[in-house]
Structures are given as structure tokens and as C-alpha cells.
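**Q**
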Amino acid sequence: MHWFLHGATGVLAANALPQHPELALSASFISHYALDHVPHWDPGIADATAKWRSPEVREFLLISLPDGVLTVTFALLLPLLVPSMPMWLTWGCVAAAILPDIIDGAAKLSNWPPLQAHRRLHDATHFNHYLMPVPWGWNLVIHVAMFTAMIVATYLAINANAHGSLLAY
């Protein structure tokens, strides 16, 4: 799944659980594995020995760099544009939601056992688009539908929190 969708899940968790940051951060981190289980295609470098100029690395960078820049920009600006949004918690939840991919990337560069253990977990819970390819059209539909659901849910959470009706205890 692309970081932008993971980041949107973090934004939702921050706004659904602003009085419970420990739950919001945990939900953001755990949501990564749930989203990765949904059928999708994403640019992954399957082989850690892939050469820098290989088509696989170029494809990864062509898609992942803009995705990462867009996600970070979205995470930094959104709390500034929506004053009722908890700024530090939103940033923390977006970071927690993308953290499993960062750990996975570090694992591809290192043989440190804890990172390798995480990589095995991440791979086991991740939809394998190499075994079951997802056409671009369906991939787009899946991403747009899920992102739209995140926007609607976040909007509802912000409004509910503004009126004291969502987890007000």
C-alpha cells in the first residue's frame, strides 16, 4: 500500500482518538499491517541486491519518492490548515503508520536479527502482488475508495470531537 494511504490512516487515528494518544499511535502502527493485507500493487524492491540503475529501482523511486514527499507534506500541512486537528499527535500517527515500511527498508540493508524478524512479519502479512498481480485499474479503484473512506471518517471524527461526542471520556 502506498504511504499516502497509510498516512491518511494515521490522520484518522489521531482524530478519532485525540484523548488517547497511546491508542492512536498503536492503532496507526497496527493499521499498516491490516492495509498491507488488502489486495494491491505497490512498488517494492523484491531483491535486496537490485542494482541502483535497474528498472526495478527506477520504478520504485519514480513512484515512492513522490508518494513519500506528498505524505510528509500532507502530514505537516494538514494540522496547520485544520486548527482542531491535534498537531503533534497527527504527525506522530502518520510516522507510526509508515514506520513498518521504514523498518522493512532498513532490514533490506542490514542483517540485524530484530530487523529481519520484523521483515518476516511484514512479508507474511503483506499482500503478495508477485503471486497474484493486481491490474492498475483495480489498484486505482482500491486506493481511491480507501482514501475516500479515510477522508470521510476523519471528517466525521473531527466534527464529533468538536461537539464532544466521540470518546469524550
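Numbering of the sequence shown is given in the working numbering, commencing with residue -15 and proceeding in unit increments. We put the beta carbon where it would ideally sit given N, CA and C, even for glycine.
Indicate the three-state DSSP secondary structure (helix, strand or coil) for M116 in the structure shown.
**A** Coil, per DSSP.
**Q** Return yes when the Cβ of S12 is within less than 8 angstroms of the Cβ of A108, no when it is not.
**A** In this structure, S12 does not lie closer than 8 angstroms to A108 by Cβ.
**Q** I'd like the span of the alpha helix (DSSP H) that includes V22, first residue to last.
**A** Per DSSP, V22 belongs to no alpha helix (DSSP H) and is neither H nor E.
**Q** Answer yes or no: do M(-15) and V22 have a C-beta to C-beta separation smaller than 8 angstroms?
**A** Contact: yes.
**Q** What is the DSSP secondary structure of P5, counted as helix, strand or coil?
**A** Correct three-state label for P5: helix.
**Q** Check each candidate in A59, S68, C77 and I126 and name the one with the smallest Cα separation from H16.
**A** Checking every option, the nearest Cα to that of H16 belongs to C77.
**Q** The alpha helix (DSSP H) spanning V66 covers which residue range?
**A** Note, V66: premise wrong, no alpha helix (DSSP H); not H, not E.
**Q** Looking only at its chain, what residues have a beta carbon closer than 8 angstroms to the beta carbon of L19, apart from the 5 residues adjacent to it on each side?
**A** Same-chain partners within the cutoff: M(-15), L(-11), H(-10), T(-7) and M130.
**Q** Of all the options W(-13), H147 and P2, which has the alpha carbon lying nearest to the alpha carbon of M69?
**A** Answer by Cα proximity: P2.
**Q** Let me confirm a value: M134 is counted as buried when at least 16 other C-beta atoms fall within 10 Å, else exposed. Which label applies?
**A** The residue is buried, with at least 16 neighbouring Cβ atoms inside 10 Å.
**Q** DSSP three-state label for M(-15), please.
**A** Coil at M(-15), not helix or strand.
**Q** My assumption, with CB atoms under 8 angstroms, is that P84 sits in contact with H106. Please give the rounded CB distance.
**A** Rounded, the Cβ-Cβ distance is 6 angstroms, consistent with contact.
**Q** So the alpha helix (DSSP H) H110 belongs to, where does it begin and stop?
**A** Per DSSP, H110 belongs to no alpha helix (DSSP H) and is neither H nor E.
**Q** So for H147, helix, strand or coil by DSSP?
**A** Correct three-state label for H147: coil.
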